[in-house]
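Here the protein sequences line up with chains A and B, keeping their order. Numbering-wise, the first sequence is residues 7 to 149 according to the working numbering. Numbering-wise, the second sequence is residues 7 to 149 according to the working numbering. Every residue, glycine too, gets a C-beta built ideally from N, C-alpha and C. Worksheet: the structure to be examined is printed underneath.
There are 2 protein chains.
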Amino acid sequence: MTADSLTKALDAAEAHCLERGEKLTPVRKRVLELVLEADGPVKAYDLLEALKPGPGSAKPPTVYRALDFLMTAGLVHKVEALNAFVGCSHAHDEGGAELFICSTCGAVEERHGAPLPMNAPEGFMIQRSVVEHFGQCANCRPA
Amino acid sequence: MTADSLTKALDAAEAHCLERGEKLTPVRKRVLELVLEADGPVKAYDLLEALKPGPGSAKPPTVYRALDFLMTAGLVHKVEALNAFVGCSHAHDEGGAELFICSTCGAVEERHGAPLPMNAPEGFMIQRSVVEHFGQCANCRPA
DNA sequence: TCGAGAGCGTGATATTATAACATTCACTTC
DNA sequence: GAAGTGAATGTTATAATATCACGCTCTCGA
């Protein structure tokens, strides 16, 4: 992501939060920036390290709170199978996304409107879905 | 699960392992039994507690090794979003299952042959998929 | 001014998982 | 049978992930 598009994404995120009546505080903004800058899924403790250059600040709760906020706002997704987080450039309020994660280069593609399962158990009411596909993206695919 | 069907499931699991040229050792069998007995997803450290009544044995690697073996054999699945494990009554060698987990009673339904995503990125080759749906099963669904 | 609530700092601790190395045991090969 | 081999397990320690609990400092409005 270029510095320019990063700035734009952060501005858009800020606007998105304001619409929701919430604030993208400096800590939250910095965490979102770090997640968006990364090439792939980022670990919470790597974010923590990256935040450290501040004074004594940056303990685990700081980064987990920011991530919770960003997830609730739909700006970041958690990759459950990796215990890692990815940025979501186009904020959306729906919960679920379908993630395609390249195991080689780490690139993550996000899709929405996943086809809902044809074969859910009778009467099962879905509230939240986790859908993560791991494999090789077009670039990394063996010839 | 009744004691009878549990016994049958364990026997079937043993046969399944033998077909694969592997052994369902006592530790592995006991872990599988505990997972199958549970009403829903089980945590690794709960299994560890349940194994303890043996002498000094049962340290974390014991249960994680057994779980790895059982997952590889297709006898157990990991629920990534919960860091928990569920038994799979009908062993199968394919990797992926689609899980429906009731957040109220903890019941887990498993389906295979999930509808594959219509909208995968061009050229993306899927190797492993994690598909977990959380919600209310027919019994727990509010009226 | 003052209370209320959100956000954050801080220290401690809980939970989940793996690394690294020693031991045991069944099996085979001499 | 003795010695070698490999899979499984035991054992100690530690890494990695996540949350709790408490208190401070703002801002905002009554």
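The Cβ-Cβ distance between B:V69 and B:V82 does not fall below 9 Å.
For A:R134, the enclosing beta strand (DSSP E) has its first and last residue at 131 to 142.
Using a Cβ-Cβ cut-off of 9 Å, B:S135 counts as an interface residue toward chain A, since at least one Cβ of chain A sits closer than that to its own.
B:L30 and B:L24 have their C-alpha atoms spaced approximately 8 Å apart.
At a cut-off of 9 Å between C-beta atoms, A:C23 does not count as an interface residue with respect to chain B.
At least 9 Å separates the CB of B:P47 from every CB of chain A. Note: B:A149 is not bridge-paired with any residue in the DSSP secondary-structure output.
Under the three-state reduction of DSSP, A:C23 is assigned to helix. Here A:S135 is buried. Its C-beta has 16 or more other C-beta atoms within 10 Å. Within the region 13 to 75 of chain B, the runs of alpha helix (DSSP H) that reach at least 4 residues and sit entirely inside it are, in chain order, 32 to 43, 50 to 57. A straight line joining the alpha-carbon of B:Q142 with that of B:V114 spans about 10 Å.
In summary, the residues of the region 101 to 130 of chain A whose CB is separated from some CB of chain B by less than 8 Å are E104, F106, C108, S109, E115, R117, G119, A120, P121, P123, M124, N125, A126, P127, E128, G129, F130, in the order they occur in the chain. Distance from B:L38 to B:L88 at the Cβ level is roughly 19 Å; contact not present, criterion being Cβ atoms closer than 8 Å.
Contact with chain A is absent for B:G80, since none of that chain's Cβ atoms lies less than 9 Å from the residue's Cβ.
Contact with chain A is absent for B:E39, since none of that chain's Cβ atoms lies less than 9 Å from the residue's Cβ. Residue state for B:A9 is assigned as helix, using DSSP reduced to three classes. In the assembly as shown, A:R34 is a buried residue. Its beta-carbon has 16 or more other beta-carbons within 10 Å. Under the 10 Å beta carbon count, B:A72 is surrounded by 16 or more other beta carbons and is classified as buried. Using a Cβ distance threshold of 9 Å, A:V137 and A:A103 count as a contacting pair. In the DSSP assignment, the residues bridged to A:H83 are A:V92.
Taking C-alpha positions only, A:R147 is separated from B:C111 by approximately 42 Å. Within 8 Å of the CB of B:C94, no CB atom of chain A is found; the nearest one sits about 15 Å away. The beta carbon of B:F140 falls within 9 Å of a beta carbon belonging to chain A, placing the residue at that interface.
Take the alpha-carbon of A:A126 and the one of B:R117: they are about 8 Å apart. The beta carbon of A:R147 falls within 9 Å of a beta carbon belonging to chain B, placing the residue at that interface. With respect to chain B, the C-beta atom of A:A50 has no partner C-beta closer than 9 Å. Where A:C108 is concerned, the enclosing beta strand (DSSP E) starts and stops at 104 to 108. Within the same chain, Cβ atoms closer than 6 Å to the Cβ of B:D45 are found at G112, the five residues on either side in sequence being excluded. In this structure, A:H139 sits away from B:F106, with a CB-CB distance that is not shorter than 9 Å.
One Cα belongs to B:R26, the other to B:R36, and the distance between them is close to 19 Å. The Cβ atoms of A:M7 and A:L42 sit closer than 9 Å to each other.
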